[in-house]
Amino acid sequence: MKMSHLDRILLLATGLLAAWQVAVGIDGLGTVPITAYTIAFGVLLVAGLLMIILGFEALDSPIVVIISTIIPLSLALGLVWEHLEAWRSLALGFATLGFLAILLTRSFPMQRESRMQLPGKVPTIVLASVHGIAGLTIFLLPTILAAQGVTRPGFALVGLGGALIGLGGLLLSFLKAGKPILPRETIFRILPALLLLMTMAFVAGFALA
Amino acid sequence: MVAQSKIQNLKSTIKLYSPLIKATQTGLLLSTGIAGYMSAHSTPHLLVMLAMAGSLFLSISGSTVLNMWWDRDIDSKMRRTQKRPTSSGAVSPQETLRLGLIMSLLGVGWALAINPLYGLVVFAGLFFDVVVYSMWLKRRTCWGILWGGISGAMPILAGRVLAVGQIELIGLLLAAAVLFWIPTHTLTFSIKFFDDYQAAGIPTFPSTYGLEATRAVIALSSIIAAASIGTAGVMIGVQAGILRLMVVLSSGLLLLSFATVFRPSERINFSLFKYASLYMLISMILLSI
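Quick mapping for you: the protein sequence lines, in order, are chains A and B. For the first sequence, the tail end lands on 209 under the numbering used here, and the numbers increase by one without skipping. For the second sequence, the tail end lands on 498 under the numbering used here, and the numbers increase by one without skipping.
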């Protein structure tokens with residue numbers, strides 16, 4: 001599917017917002033949140049640039065599933081580290097193990113599982129679990145904190161970004177896993193706008209927190 | 210009526226001559242020169258900057274025109290360059306040579322008038338590019354690109370020299386960043402147009418050492434380029450956020466470079482080629498902030 005000029009403009013805007021967030025938007029935080037947010041928005045920036053260069057063909061690579069997991073995992077880790085001190089170790093463990101699990105299940109064929117008549121189920125379950133938990137964390141944590149008045153109300157926008165990233169991540173990951181939720185063309189048509197909306201929500205949410 | 214015809218003539222002349230200066234490449238090198246100047250983070254003098262941009266534009270364009278004049282025979286053998294005005298015959302060799310010499314002399318002369326050391330660096334860039342790279346080494350050895358790279362590194366060094374008045378470590382690091390970025394750019398290009406270079410009998414890294422070794426050189430040079438630009442950034446004292454952004458962009462360059470080694474494909478090669486240009490342009494902007 002050919003990428004339109006509008007798609008490229010939307011992706012460029014996404015890249016610029018992500019670049020701004022890395023350079024300016026996360027100043028003053030601790031080392032772990034800064035690193036986690038830099039990784040998340042950095043992946044978004046580089047992925048946006050590659051999509052502008054290569055068009056939607058960039059999404060044909062099998063590595064997309066792995067890369068698209070890094071963004072929610074890093075964001076979830078950064079948020080938990082910043083706001084839920086008691087859960088830091090758990091969040092770090094989940095981010096590390098979740099990424100490794102995706103990496104392993106996507107890199108190696110599940111031969112043993114195939115013999116057990118469960119072809120492809122384990123990678124899909126792992127993918128859905130990791131994306132689901134990370135996505136829910138990014139959606140719920142800022143929403144609850146903003147609702148309780150712990151942070152300013154604007155921080156809830158990060159939760160909106162979380163909902164959008166969860167949606168985008170699931171659409172893309174299941175498409176790449178061969179079990180598309182929506183037709184490929186529809187996903188590609190909405191993806192640039194979805195990425196921009198998501199990044200806008202994150203940037204605005206962090207700025208208004 | 211006469212004025213209209215003159216405007217029309219001027220338009221056609223510009224249209225005919227503009228491909229001779231490779232606008233994108235010239236623009237990119239010019240941006241490195243401006244970044245070199247801005248990297249000093251002293252109060253920029255608008256007139257000095259404009260003079261620098263003018264002299265660099267003339268010198269870079271002049272050397273490009275002279276290269277096209279010298280390489281017109283091989284350009285006509287390569288599909289990629291067959292339509293250049295020099296190889297298609299749209300502009301005569303005499304005209305091309307005259308244009309190249311005038312632009313180069315004006316550019317270097319202007320640069321020397323602004324500041325002798327700056328002028329010397331600009332002249333070195335032109336000399337390495339036209340004489341050492343194009344005339345002497347390009348058709349003899351694939352290592353000629355090293356000298357092409359050194360000449361490509363001169364605009365950023367020149368800009369830095371003009372701002373600080375001397376050749377110092379930061380200037381050399383910036384020059385090294387461009388020097389080692391150039392193989393990432395040119396070697397991916399020589400892989401993409403492998404057949405073209407073979408047809409013209411130009412020795413390249415892929416034809417001399419093979420694709421695998423070339424990809425390894427691309428990865429290695431990307432690491433050195435990213436390290437040089439990062440070190441220069443730290444020494445210049447760029448803000449932490451800007452440095453983070455540079456790390457992110459450098460990581461993208463490194464990942465693509467490693468992908469060319471471990472998962473080589475036409476698509477990866479093309480994306481590295483494009484990304485490397487974008488990387489250099491953005492890095493230059495970041496160093497200037």
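Just so it is clear, CB atoms sit at the ideal spot from N, CA and C, and this is done for glycine as well.
Under a 10 Å Cβ-count criterion, Val211 of chain B is classified as exposed, with fewer than 16 other Cβ atoms of the shown protein chains found around its own Cβ. Closest in C-alpha terms to Gly28 of chain A, from the list B:Ile494, B:Gln448, B:Gly461, comes B:Gln448. Runs of the alpha helix (DSSP H) lying entirely within the segment 214-274 of chain B, each at least 4 residues long, are 232-247 in chain order.
Within 10 angstroms of the beta-carbon of Trp81 of chain A lie 16 or more other beta-carbons, which makes it buried.
Contacts between Ala23 of chain A and chain B, judged by CB atoms closer than 7 Å, involve Gly450, Ile451, Arg453, Leu454 in chain order.
Contact check for Gly25 of chain A and Phe155 of chain A: beta-carbon distance about 13 Å, past the 8 Å limit, so the pair fails to qualify.
Cβ atoms of Met363 of chain B and Gly334 of chain B come within 8 Å of each other, at about 3 Å. For Ala441 of chain B, the closest of B:Leu382, B:Leu259, B:Phe479, B:Thr397 by C-alpha to C-alpha distance is B:Leu382.
In the pairwise beta carbon analysis, the segment 402-410 of chain B is classified as not touching the segment 431-441 of chain B: fewer than three pairs are separated by under 8 Å. Closest in alpha carbon position to Leu195 of chain A, among A:Asp7, A:Met1, A:Ile66, A:Lys2, is A:Asp7. Nearest CB-CB separation between Leu487 of chain B and chain A: below the 8 Å threshold. Under a criterion of Cβ atoms nearer than 9 Å, the residues of chain B adjacent to Asp27 of chain A are, in order, Gln448, Ala449, Gly450. Per DSSP, the continuous alpha helix (DSSP H) segment holding Ile433 of chain B begins and ends at 420-445. For the segment 5-21 of chain A, the set of residues with a beta-carbon nearer than 7 Å to any beta-carbon of chain B comprises Ala19, in chain order.
Setting aside the 5 residues that flank it on each side, Leu366 of chain B is surrounded in the same chain by Val330, Gly380, Ala384, each with a C-beta closer than 6 Å to its C-beta; the list follows chain order. For the set A:Leu127, A:Leu92, A:Pro123, the Cα lying nearest the Cα of Thr35 of chain A is the one of A:Leu92. Only residues of its own chain outside the window of five on either side were considered, and among them Phe482 have a CB closer than 7 Å to the CB of Phe398 of chain B, listed in chain order. If you draw a straight line from the Cα of Leu44 of chain A to the Cα of Met198 of chain A, it comes to about 11 Å. Take the alpha-carbon of Lys2 of chain A and the one of Pro183 of chain A: they are about 15 Å apart. Per DSSP, the unbroken alpha helix (DSSP H) holding Lys483 of chain B starts and ends at 475-497.
In the structure shown, Gly374 of chain B falls within a coil segment according to DSSP collapsed to helix, strand and coil. Beta-carbon to beta-carbon, Leu229 of chain B and Met277 of chain B are separated by about 6 Å, close enough to satisfy the 8 Å threshold. Membership of Ile311 of chain B in the alpha helix (DSSP H) is indicated by the continuous run 302-323. Beta-carbon to beta-carbon, Ala23 of chain A and Ile71 of chain A are separated by about 18 Å, too far to satisfy the 8 Å threshold. With the criterion set as a beta carbon lying under 7 Å from some beta carbon of chain B, the members of the segment 37-55 of chain A are Thr38, Gly42, Leu45, Val46, Leu49, Leu50, Ile53, Leu54, in sequence order.
Within the same chain, Met1 come within 7 Å of Glu185 of chain A by CB-CB distance, once the 5 residues on both sides are set aside. A straight-line Cα-Cα distance of about 15 Å links Gly353 of chain B and Trp390 of chain B.
Inter-segment contact for the segment 409-427 of chain B and the segment 343-360 of chain B is present: three or more beta-carbon pairs are separated by less than 8 Å.
Chain B places no beta carbon closer than 8 Å to that of Glu85 of chain A, leaving this residue out of the contacts.
Bounds of the alpha helix (DSSP H) holding Val64 of chain A are 63-83. No Cβ-Cβ contact shorter than 8 Å links Ile243 of chain B with Ala260 of chain B. Sorting B:Thr295, B:Leu267, B:Ser270, B:Phe266 by C-alpha distance to the C-alpha of Asp280 of chain B places B:Thr295 at the top. Phe202 of chain A sits buried, since 16 or more C-beta atoms from the chains shown fall within 10 Å of its C-beta.
Residue state for Asp338 of chain B is assigned as helix, using DSSP reduced to three classes.
Not a single C-beta of chain A is nearer than 8 Å to the C-beta of Lys401 of chain B.
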